[in-house]
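**Q**
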Amino acid sequence: MIKNLIKGNRLFKKYEFPNFQKDMEESIKHGQKPEILFIGCSDSRVTPDLFLNTKPGDMFILRNVGNFVPKYKHDEDFHGSAAAIEYAVSVLKIKDIIVCGHSHCGACESLYQELPDTEDLVHIKTWLKLGEKAKSDTLKEKKFTTQSEMYRETEKNSIKHQLENLLSYPGVLKAIKNNELTLHGWHYSIEDAGISYYNKEKDKFCPLEELQI
Ligand SMILES: [Zn+2]
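First residue of the sequence shown? That's 1475 in my numbering, and the numbers climb one at a time after it.
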């Protein structure tokens, strides 16, 4: 696999990078100016720059297990996701945050399984607590005929919950109040690359093409 990466980088440098070289030189001089913070899952099948056809410099990207957003909580621990959110909002002044979940998300499915109590899983066990509200909201609905439907709903409820958690960040709240920032919840389908977005008025996910900007 590493061999493929070496070859891939050689091909990218030769055929693709020349398209971006000028933009990169500009951004080195003046700094990066992305307008989007994309929060997605670390899942290897979730490839935002590919499925959104974006180029270097377009999006500041935070990926973690389950595209979870921990609530704002300042202490001396190392909060990588919180640091990325703060940097994007307060330093880069991004205009939109997209929390993008996806179908067949292992993090959401694992909320329904018992993970063993072993020292090599302690961080993931704690991290998955960020999905607990999505699970309890889903179980309240009791309308599913298949497990797959329940998992899709969990993924979508989680996106809504992570958007709520974003509001606990003072910088996020301030930028929203000043009309400088908009939050979006998207769900990406790994089987067909389709995206649905969370429509707050209808309280449901609708095709992204219908999003009025
Ligand atoms: Zn995932």
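Backbone N, C-alpha and C fix where the C-beta goes; we use that ideal spot for every residue, glycine too.
Here the structure is a predicted model, which means the values were calculated and not measured.
Hey, would you say Lys1547 sits closer than 9 Å to Glu1509, going by beta carbons?
**A** For Lys1547 and Glu1509, no; Cβs fall outside 9 Å.
**Q** Using 8 Å as the cut-off, classify the Cβ of Asn1527 as near or not near the heavy atoms of ligand 1, replying yes or no.
**A** No - ligand 1 has no heavy atom lying nearer than 8 Å to the Cβ of Asn1527.
**Q** Give the residues whose C-beta lies closer than 6 Å to at least one heavy atom of ligand 3, in chain order.
**A** The model depicted lacks ligand 3 and carries ligand 1 instead.
**Q** Could you check which residue in Asp1517, Ile1476, Asp1532 has the C-alpha nearest to that of Asn1506?
**A** Residue identity check: residue 1506 is Gln in the sequence provided, not Asn. Comparing Cα positions, the closest option is Asp1532.
**Q** Can you name the start and end residues of the alpha helix (DSSP H) that Asp1497 belongs to?
**A** Unbroken alpha helix (DSSP H) run through Asp1497: 1491-1504.
**Q** Between which two residues does the alpha helix (DSSP H) carrying Tyr1546 extend?
**A** Tyr1546 -> no alpha helix (DSSP H), and no H or E assigned at all.
**Q** Using a Cβ-Cβ cutoff of less than 7 Å, which residues in the same chain neighbour Leu1449 once the five nearest sequence positions on both sides are dropped?
**A** As shown, the chain starts at 1475 and ends at 1687. That puts residue 1449 outside it, with no answer to give.
**Q** Tell me Phe1534's beta-bridge partners as DSSP assigns them.
**A** DSSP lists Leu1511 as partners of Phe1534.
**Q** Three or more C-beta pairs closer than 8 Å, one from the segment 1643-1663 and one from the segment 1557-1572: is that the case here?
**A** Enough Cβ pairs lie closer than 8 Å, so yes.
**Q** Give me the Cα-Cα distance between Asn1483 and Glu1615, rounded to the nearest whole angstrom.
**A** Distance between the alpha carbons of Asn1483 and Glu1615: 47 Å.
**Q** Taking only the alpha-carbon atoms, compute the straight-line gap between Val1563 and Gln1495 and give it to the nearest angstrom.
**A** So the two alpha carbons sit approximately 26 Å from each other.
**Q** Using the C-alpha atoms, what's the distance from Ile1572 back to Ser1584?
**A** Distance between the alpha carbons of Ser1584 and Ile1572: 23 Å.
**Q** Among Ile1476, Thr1600, Met1475, which residue has its Cα nearest to the Cα of Gly1540?
**A** Among Ile1476, Thr1600, Met1475, the Cα nearest to that of Gly1540 is on Thr1600.
**Q** For His1658, which option in Leu1595, Glu1665, Ile1669 has the closest C-alpha, if you only look at C-alpha atoms?
**A** For the residues Leu1595, Glu1665, Ile1669, the minimum Cα distance to His1658 belongs to Ile1669.
**Q** Where in the segment 1653-1680 do unbroken runs of the beta strand (DSSP E), each at least 3 residues long, occur, reported from the N-terminal end onward?
**A** Complete beta strand (DSSP E) runs here, min 3: 1656-1662, 1669-1673.
**Q** What distance in whole Å lies between the Cβ atoms of Ser1632 and Cys1680, which are believed to be in contact at a cut-off of 8 Å?
**A** That belief does not hold up - the Cβ atoms of Cys1680 and Ser1632 are roughly 18 Å apart, past 8 Å.
**Q** Spatial neighbours of Leu1655 within its chain, please: C-beta separation below 6 Å, excluding the five flanking residues on both sides.
**A** For Leu1655, where only same-chain residues beyond five positions count, the Cβ hits under 6 Å are Ala1649.
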